[in-house]
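Below is one structure, written out as structure tokens; comments come after it.
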Amino acid sequence: MRVAILLSGGGSNMVRLVQSMTGDHPARPVLVLANDPGAGGLEKARGLGVPVSCVDHRPFKGDRAGFEAALRDALAPAAPDLICLAGFMRVLTAGFVTPWQGRMLNIHPSLLPKYRGLDTHARALEAGDAEAGCTVHEVTAALDDGPILGQARVPVQPGDTARSLAARVLVQEHILYPAVLRRFASGDRRVLHLP
Ligand code: GRF
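Reading the sequence shown from the start, the letters are residues 574 to 768 in the numbering used here.
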């Protein structure tokens, strides 16, 4: 199975996904695609020997259809079977998502269905939640929605800030996403619960 990974930032989840796809793993990374030429993940992907590409979203201001057409064009030569969103911070419309439904995964730093969108850790702390975490789910046209494939729970500690909580959740993201990808690529769509 050929996997394309889309990102916007540092790409630590991408690194873990790429490193996981070796040996008897049923998938291989074929492309890392960013929407920002300055995304640190591009350099990391190059270092890992994965082909990279970039579609800068900024020239497409107000033209989501144009941006998504350019994304499709950038993906096509790599012929992916599966797309993994890994810190990809652009909202994708139904026009892009629907043809990929059932073949596109995302990781979100909350225990969905809680806290879709941004600032998840601050919102969990504000709500006085005893636990936070992360979710891997199939991508549908609705934001941070779609069938849940795995969740990892992280206890909130006294004195936690959004930053400290995010750091502990990220450690779990790095475990959860590769684990779910391996299962998913093997055809196993049961929900994985960590720890
Ligand atoms: C992760 O927390 C991911 O869940 C969120 O953005 C962050 C990306 O981190 N959507 P990285 O680029 O994988 O290091």
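Built from N, CA and C at the ideal position, the CB exists for glycine as well.
Inter-residue CB distance, residue i and residue j (contact presumed, cutoff 8 Å)
{"i": "residue 628", "j": "residue 619", "result": "With a Cβ gap of about 17 Å, residue 628 and residue 619 do not count as contacting."}
{"i": "residue 725", "j": "residue 691", "result": "Contact flag wrong, Cβ pair sits at about 20 Å."}
{"i": "residue 599", "j": "residue 759", "result": "5 Å"}
{"i": "residue 706", "j": "residue 745", "result": "7 Å"}
Residue i Cβ short of 7 Å to ligand 1 heavy atom set
{"i": "residue 626", "result": "no"}
{"i": "residue 680", "result": "yes"}
{"i": "residue 587", "result": "yes"}
{"i": "residue 614", "result": "yes"}
{"i": "residue 659", "result": "yes"}
{"i": "residue 746", "result": "yes"}
{"i": "residue 743", "result": "yes"}
{"i": "residue 583", "result": "yes"}
Cβ neighbours of residue i in the same chain (closer than 7 Å, five flanking residues each side left out)
{"i": "residue 668", "result": "638, 641"}
{"i": "residue 614", "result": "580, 582, 583, 584, 587, 605, 607"}
{"i": "residue 688", "result": "696, 697"}
{"i": "residue 664", "result": "716"}
Selected residue, minimal CA-CA separation from residue i, among the options
{"i": "residue 623", "options": "602, 631, 610", "result": "602"}
{"i": "residue 610", "options": "600, 594, 631, 596", "result": "631"}
{"i": "residue 723", "options": "767, 675, 737", "result": "767"}
{"i": "residue 682", "options": "676, 672, 708", "result": "708"}
{"i": "residue 763", "options": "711, 736, 644, 746", "result": "711"}
{"i": "residue 721", "options": "705, 700, 713", "result": "713"}
{"i": "residue 621", "options": "645, 595, 745, 636", "result": "595"}
{"i": "residue 728", "options": "756, 761, 765, 684", "result": "684"}
{"i": "residue 761", "options": "643, 740, 593, 675", "result": "675"}
{"i": "residue 677", "options": "736, 719, 742, 699", "result": "719"}
{"i": "residue 672", "options": "655, 739, 617, 704", "result": "655"}
Closer than 7 Å: residue i CB and nearest ligand 2 heavy atom
{"i": "residue 580", "result": "This structure lacks ligand 2; the ligands present are ligand 1."}
Residue span of the alpha helix (DSSP H) that contains residue i, given as start and end
{"i": "residue 751", "result": "735-758"}
{"i": "residue 642", "result": "637-648"}
{"i": "residue 670", "result": "667-670"}
{"i": "residue 615", "result": "613-620"}
Bounding residues of the beta strand (DSSP E) (the contiguous stretch that carries residue i)
{"i": "residue 681", "result": "677-681"}
{"i": "residue 723", "result": "721-728"}
{"i": "residue 584", "result": "Element bounds for residue 584: n/a, residue is neither H nor E."}
{"i": "residue 575", "result": "575-580"}
Residues near residue i by beta carbon distance below 8 Å, same chain, minus five either side
{"i": "residue 590", "result": "576, 578, 602, 657, 659, 750, 751, 754"}
{"i": "residue 653", "result": "575, 576, 577, 603, 604"}
{"i": "residue 634", "result": "none"}
Cβ-based neighbour list, residue i, same chain, cut-off 6 Å, excluding 5 preceding and 5 following
{"i": "residue 647", "result": "606, 626, 628"}
{"i": "residue 666", "result": "637"}
{"i": "residue 738", "result": "694, 705"}
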